[in-house]
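0 is the number of the first residue of the sequence shown in numbering that gives the first Met the number 0; add one for each residue after it. No residue lacks a Cβ here, since even glycine has one placed at the ideal position from N, Cα and C. The structure under discussion appears below in the form of structure tokens.
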Amino acid sequence: MNPEFIALNPQHIVPTLVDGDFVLWESRPICSYLASKFGKDDTLYPSDLRKRAEVDRLNYFDQGTLFHRFAEYVFPVIFRGEKTFDEEKLKKLHEALGWLNTFLSGHDFAVGNNITIADHVLSATVETFPEANIDLTSHPNVVSWLERCKTKMPGYEEINIAGAKDWGKMFKSRCNK
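Okay, here's the thing in structure tokens:
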């Protein structure tokens, strides 16, 4: 990493946003910041305190639970050279997917019937799972929500699907699953 990046971001985390003299890293707070600063309205990041809290909760759930459990399951094999996947960690990942399945019950998107940044964040994570041979079919609300995201989110194909496919190529090249 170059010294300029290290000076901006002592944690060396990608992505890092520089907006004038303001520096912010980690994708979820960057989404919140950009939606607040540039959003045409408050649909993506609601101004209503309770809805915003739900969006924030789901972003934290994505980072602290869903993506974390995914990483605990796949990273030992693809990044640390372990030979087998831990089935107990897969069960923990499916537990988190079960919670997401429950959260999505009764509405079209993560927080009601409008796309929010929580949908963008969660779908970026979940879209990667099938590329790691993680079956989503036991979570029907997740499957139908992901399909809605694919058809309703502008740029979904170019961003989420293309990124997931690239990740899948790396995954398959590093493991025998």
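Using 10 angstroms around the beta-carbon of residue i, count the other beta-carbons present and answer buried if the total reaches 16, otherwise exposed.
| i | result |
| --- | --- |
| Ala161 | exposed |
| His11 | exposed |
| Ala6 | exposed |
| Leu48 | exposed |
| Asn132 | exposed |
| Phe4 | exposed |
| Ser46 | exposed |
Tell me which residues share the same chain as residue i and place their Cβ nearer than 8 Å to its Cβ, disregarding the 5 neighbours each side in the sequence.
| i | result |
| --- | --- |
| Thr83 | Val76 |
| Gly38 | Tyr44 |
| Gly111 | Lys50 |
| Leu145 | Ser122, Val125, Glu126, Leu135 |
Pick from the options: whose alpha carbon is nearest that of residue i?
| i | options | result |
| --- | --- | --- |
| Cys148 | Lys88, Phe128, Thr115 | Thr115 |
| Leu121 | Phe78, Lys164, Val54, Lys90 | Val54 |
| Tyr59 | Pro28, Asp85, Ser143, Leu48 | Pro28 |
| Ala52 | Ala117, Glu25, Gln62 | Ala117 |
| Lys171 | Thr127, Val142, Leu135, Pro153 | Thr127 |
| Tyr155 | Tyr32, Met169, Phe74, Val125 | Val125 |
| Glu157 | Ala70, Val17, Ala123 | Ala123 |
| Met169 | Val73, Glu86, Phe66, Glu25 | Val73 |
| Pro14 | Asp165, Lys88, Ser26 | Ser26 |
Output needed for residue i: all residues of its chain with C-beta closer than 6 Å, excluding positions within five of it in sequence on either side, in chain order.
| i | result |
| --- | --- |
| Gly181 | The first residue shown for the chain is 0 and the last is 176, placing residue 181 beyond what the model contains. |
| His138 | Leu96, Asn100 |
| Phe108 | Ile114, Asp118 |
| Val142 | Leu135 |
| Glu86 | none |
What would DSSP say about residue i, mapped onto helix, strand or coil?
| i | result |
| --- | --- |
| Phe69 | helix |
| Gly63 | helix |
| Phe84 | coil |
| Gly154 | coil |
| Gly167 | helix |
| Glu105 | Before going on, a small fix: residue 105 reads as Gly here, not Glu. Reduced to three states, the DSSP call for Gly105 is coil. |
For chain C, is any of its Cβ atoms less than 8 Å away from the one on residue i?
| i | result |
| --- | --- |
| Glu94 | Absence of chain C from the displayed structure is noted, only one protein chain being present. |
Report all residues from its chain with a CB closer than 7 Å to the CB of residue i; omit the five preceding and five following residues, and keep chain order.
| i | result |
| --- | --- |
| Asp41 | none |
| Asn159 | Ser122, Ala123, Glu126 |
| Glu81 | Pro75 |
| Cys30 | Ile116, His119, Val120 |
| Met0 | His11 |
Quick check: does the Cβ of residue i come within less than 7 Å of any heavy atom belonging to the ligand ZN?
| i | result |
| --- | --- |
| Asn58 | By its list of ligands, the structure shown contains no ligand whatsoever, and the ligand ZN lies outside what it can speak to. |
At 4 residues or longer, and completely inside the stretch 11–55: list those alpha helix (DSSP H) runs for me, N to C.
-> 26–37
Jot down the residue ranges of each uninterrupted alpha helix (DSSP H) in the stretch 113–148, minimum 4 residues, whole runs only, in chain order.
-> 116–125
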